[in-house]
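Working notes for the structure below.
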Amino acid sequence: MALAPPPKVVLGSVAFAVFWVLAVFPCVPFLPIGRTAGSLLGAMLMVIFQVLTPDQAFAAIDIPILGLLFGTMVVTVFLERADLFKYLGKLLSWKSRGPKDLLCRICLISAISSAFFTNDTSCVVLTEFVLKIARQHNLPPYPFLLALASSANIGSSATPIGNPQNLVIAIQGKISFGSFLTGILPAMLVGLVVNVVILIVIYWRVLTIHKDEEDPISEVAEEEIMSHQFSPAIMTHCASFNSEECSDSSEPTNNLQNSSQVHTMTNQTVPSLSEVQMGVSSTNSKDSTTTTNAPKDGTNDTNPSKDVAIVVDRPKEARIMHSSEGKEDYLSIKWKRILWKSCVYAITLMMLIAMLLGVNMAWAAIAAAIILVVLDFKDAGPSIDKVSYSLLIFFCGMFITVDGFKKTGIPSALWDLMEPYSRIDHATGIAVLAVVILVLSNLASNVPTVLLLGARVAASAAAISKADEKKAWLVLAWVSTIAGNFSLLGSAANLVVCEQARRAPNIGYTLTFWTHLKFGLPSTLIVTAIGLTLIR
């Protein structure tokens with residue numbers, strides 16, 4: 001494709017540059033509007049500058065990808081409500097035999113969960129668990145946070161639903177779920193093992209506990225697991241990251257705790273729930289109980305040791321259990337809950353099986369989401385509100401902006417220069433192609449890189465053979481995903497771990513750019529190289 005007229009090339013490049021700056025640095029001082037607004041601004045400029053017509057802009061939006069993203073987000077919300085991530089949190093510390101065992105366990109759980117529930121979601125859910133376990137046992141958090149983020153990226157490479165760039169590749173390349181999985185799974189498994197070995201070698205000293213200090217990792221308390229609620233990864237308005245720290249502020253923010261309030265004055269013992277129930281018939285209410293010890297003579301006694309005010313909010317299940325005929329109702333509710341959770345897991349499994357059998361992935365995910373909504377048999381608003389609509393809007397703007405940049409002819413001209421050296425049927429060609437993808441993924445982000453290079457790389461490989469075309473798509477998926485481990489800014493999952501760790505209440509930790517780069521550089525190069533030899 002020849003270059004477009006100079007005005008179109010210049011204006012299209014300006015619009016893409018605006019998008020790129022705001023996507024990579026969402027809080028630049030001169031325009032701190034965030035990634036989502038930045039993508040919409042880039043799309044609007046493409047139309048205003050007449051690089052694209054309005055009809056071409058709308059046509060550039062890939063609806064199947066948005067449908068697949070939306071469906072998987074809704075399914076993930078219901079899996080959280082069914083306590084799946086609570087069980088994953090328990091597995092991190094269950095019968096763990098020390099820091100190295102914990103590190104391996106984090107890598108395995110992070111990789112598997114990322115393959116089926118996206119890497120960003122796994123990082124959102126597991127980061128706080130990892131921090132709690134590390135803090136409880138006076139272990140430095142950074143090896144475990146790096147293990148979580150890097151393994152999430154590696155694990156997500158194995159399936160089309162593991163990360164957004166894989167969604168684009170699977171749909172544009174018309175690769176089925178099963179073919180994608182079998183093509184990359186060997187590379188993912190070996191890459192995960194190599195990544196664990198690199199982590200242990202680099203952080204051997206900080207992960208070593210002397211025998212006189214050796215102590216098995218205890219399980220995270222049930223109430224700590226239950227206190228963590230899933231919130232889908234969003235395109236944050238201001239997630240500033242400089243070269244030193246994940247954020248300008250290292251102080252964690254305090255979460256508001258909406259829980260039962262028990263207020264007692266000094267030197268008084270709080271009675272049990274049954275004692276409160278027995279002694280407050282005169283002040284009975286549906287959901288709360290209040291008792292007050294006042295002087296019998298009616299005078300105002302200000303001695304704090306004689307006053308006690310207790311407010312106990314009792315959940316529905318507690319009220320049922322304390323009622324005379326409530327045990328059967330409680331058991332009924334408990335079994336209904338178990339049945340509902342089993343149905344959620346079964347529907348999710350059916351969705352994955354349908355994808356493996358070649359059913360359209362977008363419609364399989366949307367169908368599973370709708371079935372779960374109907375099965376829930378209540379207002380779906382609160383669950384659907386947890387979908388990251390800002391991410392979906394970001395993708396819409398990005399599709400338009402990248403398509404406009406393609407219309408300038410610049411990506412095609414650059415690929416024409418690289419194509420003779422990037423043939424997929426030679427080892428040197430694969431190495432050159434991997435380097436190009438690695439660099440672009442860290443400069444322009446992995447999804448735009450896939451959108452810019454995908455069609456041209458696949459067309460070049462298709463001229464050789466159909467098998468090489470599929471291999472080219474899988475190489476693009478593998479390298480663009482593992483490239484996210486190179487630096488802190490290379491992947492959204494890295495930023496999620498960094499930001500979640502910094503904001504964790506009372507246990508916040510700031511993961512620095514250089515701490516990540518020290519591990520990310522060797523890990524990315526070694527894992528990428530080994531994986532390329534195993535992709536089929």
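Take 1 as the starting number for the sequence shown in the UniProt record's numbering and just add one per residue. No residue lacks a Cβ here, since even glycine has one placed at the ideal position from N, Cα and C. Keep in mind that this is a model prediction, so the values were computed, not measured.
Query raised in the report: Applying the criterion that 16 or more other CB atoms from any shown protein chain within 10 Å of the CB defines a buried residue, is residue 201 buried or exposed?
Result: What you label residue 201 is simply residue 201 of the sequence shown in a count that begins at 1. With fewer than 16 other beta carbons inside 10 angstroms of its own, residue 201 counts as exposed.
Query raised in the report: Can you tell which of 117, 24, 423, 409 has the C-alpha that lies nearest to the C-alpha of residue 440?
Result: Within the sequence shown, residue 440 is the residue found at index 440, counting from 1. Of 117, 24, 423, 409, the residue nearest in Cα terms is 24.
Report task. Kindly give me the distance between the Cβ atoms of residue 42 and residue 397, rounded to whole angstroms, as I take these residues to be in contact under 8 Å. Result -> In the sequence shown, counting from the first residue as 1, residue 42 sits at position 42. In the sequence shown, counting from the first residue as 1, residue 397 sits at position 397. Going by Cβ atoms, the distance from residue 42 to residue 397 rounds to 6 Å, so yes, they are a contact pair.
Query - Reduced DSSP secondary structure (H/G/I, E/B, other) of residue 51 - result: Working through the sequence shown from its first residue, we reach residue 51 at position 51. Assignment of residue 51 by DSSP, reduced to helix, strand and coil, places it in the coil class.
Query raised in the report: Just to confirm, are residue 402 and residue 433 a CB contact at a threshold of 8 Å?
Result: By 1-based counting over the sequence shown, the position of residue 402 is 402. By 1-based counting over the sequence shown, the position of residue 433 is 433. Taking 8 Å as the Cβ cut-off, residue 402 and residue 433 do not qualify as a contacting pair.
Query raised in the report: Does the distance from the C-beta atom of residue 51 to that of residue 449 stay below 8 Å?
Result: The sequence position of residue 51 within the sequence shown is 51, counting from 1. The sequence position of residue 449 within the sequence shown is 449, counting from 1. The answer is no: Cβ separation not under 8 Å.
Requested in this report: Rounded to whole angstroms, what's the CA-CA distance from residue 75 to residue 101? Just pull it up for me.
Outcome: The sequence position of residue 75 within the sequence shown is 75, counting from 1. The sequence position of residue 101 within the sequence shown is 101, counting from 1. The alpha-carbon atoms of residue 75 and residue 101 are separated by roughly 31 Å.
Report task. Could you tell me the distance, in whole angstroms, from the CA atom of residue 373 to the CA atom of residue 380? Result -> Position 373 of the sequence shown, counted from the start, is the residue given in the question as residue 373. Position 380 of the sequence shown, counted from the start, is the residue given in the question as residue 380. Cα to Cα, the separation comes out at about 6 Å.
Report task. Tell me whether residue 485 counts as near the ligand FMN, meaning its Cβ is closer than 7 Å to at least one heavy atom of that ligand. Result -> Among the ligands in the structure shown, none appear at all, so the ligand FMN cannot be discussed.
Query - Cβ neighbour criterion (16 or more within 10 Å) applied to residue 385 - result: To locate residue 385, count along the sequence shown from 1; it is residue 385. Burial call: exposed.
Query - Cutoff 7 Å; reference residue 479; Cβ partners in own chain excluding five residues on either side - result: Numbered from its first residue, the sequence shown carries residue 479 at position 479. Within the same chain, residue 479 has close Cβ partners 434, 437, 438, 528.
**Report entry** Secondary structure of residue 451, DSSP reduced to three states
**Finding:** On the sequence shown, residue 451 is found 451 positions in, with the first residue counted as 1. Helix, per DSSP.
Query raised in the report: Rounded to whole angstroms, how far is the Cβ of residue 12 from the Cβ of residue 44, which I believe are closer than 8 Å?
Result: Here residue 12 refers to the residue found at position 12 of the sequence shown. Here residue 44 refers to the residue found at position 44 of the sequence shown. 13 Å between Cβ atoms; not a contact.
Query raised in the report: Roughly how many angstroms lie between the CA atoms of residue 6 and residue 56, to the nearest whole one?
Result: Position 6 of the sequence shown holds residue 6. Position 56 of the sequence shown holds residue 56. One C-alpha to the other measures close to 20 Å.
Report task. Identify the continuous alpha helix (DSSP H) that holds residue 123 and give its terminal residues. Result -> Here the question's residue 123 lines up with position 123 in the sequence shown. 119-136 is the span of the alpha helix (DSSP H), which, as asked, contains residue 123.
Requested in this report: Figure out for me which residue from 30, 35, 14 has the closest Cα to the Cα of residue 22.
Outcome: Counting from 1 along the sequence shown, the entry for residue 22 is found at position 22. It is 35 whose Cα lies nearest to the Cα of residue 22.
Requested in this report: Please state if the CB of residue 496 and the CB of residue 123 are separated by a distance shorter than 8 Å.
Outcome: The residue labelled residue 123 in the question sits at position 123 within the sequence shown. The residue labelled residue 496 in the question sits at position 496 within the sequence shown. Yes, Cβ-Cβ distance for residue 123 and residue 496 is below 8 Å.
Report task. Report the three-state DSSP secondary structure of residue 183 (helix, strand or coil). Result -> Position 183 of the sequence shown, counted from the first residue, corresponds to residue 183. Helix.
Requested in this report: Determine the contact status of residue 183 and residue 536, defining contact as a CB-CB distance below 8 Å.
Outcome: Along the sequence shown, one-based indexing puts residue 183 at 183. Along the sequence shown, one-based indexing puts residue 536 at 536. Contact flag set, yes.
Query raised in the report: Just reading off the alpha helix (DSSP H) that residue 144 is part of, what are its end residues?
Result: On the sequence shown, residue 144 is found 144 positions in, with the first residue counted as 1. From DSSP, the alpha helix (DSSP H) with residue 144 extends over 142-156.
Report task. Measure the C-alpha to C-alpha separation of residue 175 and residue 477 and round it to an integer number of angstroms. Result -> The residue you call residue 175 lines up with position 175 of the sequence shown. The residue you call residue 477 lines up with position 477 of the sequence shown. Distance between the alpha carbons of residue 175 and residue 477 is about 12 Å.
Query raised in the report: Are the Cβ atoms of residue 538 and residue 163 separated by less than 8 Å?
Result: The chain is shown only over 1 to 536; residue 538 falls outside these bounds and no answer can be derived.
Query - Straight-line Cα distance separating residue 327 from residue 526 - result: Within the sequence shown, numbered from 1, the residue matching residue 526 stands at position 526. Within the sequence shown, numbered from 1, the residue matching residue 327 stands at position 327. So the two alpha carbons sit approximately 59 Å from each other.
Query raised in the report: In chain order, what residues of the same chain lie with their CB nearer than 6 Å to the CB of residue 231, ignoring the 5 residues before and after it?
Result: Taking the sequence shown and counting its residues from 1, one reaches residue 231 at position 231. Because residue 231 sits at a pLDDT of 46, beneath the cut-off of 50, its placement in the model cannot be relied upon, and the following sentence gives the value as read from the coordinates. Contacts found: none.
Query raised in the report: Taking the alpha-carbon positions, what's the residue 159 to residue 181 distance?
Result: Sequence index remark: in the sequence shown, residue 159 carries index 159 (1-based). Sequence index remark: in the sequence shown, residue 181 carries index 181 (1-based). Straight-line Cα distance between these residues: approximately 5 Å.
Requested in this report: Can you grab the Cα-Cα spacing for the pair residue 339 / residue 78, in whole Å?
Outcome: To locate residue 339, count along the sequence shown from 1; it is residue 339. To locate residue 78, count along the sequence shown from 1; it is residue 78. Distance from the CA atom of residue 339 to the CA atom of residue 78, rounded to whole angstroms, is 14 Å.
Report task. Determine the DSSP secondary structure at residue 64, reduced to helix, strand or coil. Result -> For the purposes of this step, residue 64 is identified with residue 64 of the sequence shown, where counting begins at 1. In the three-state DSSP reduction, residue 64 falls in the helix class (H, G or I).
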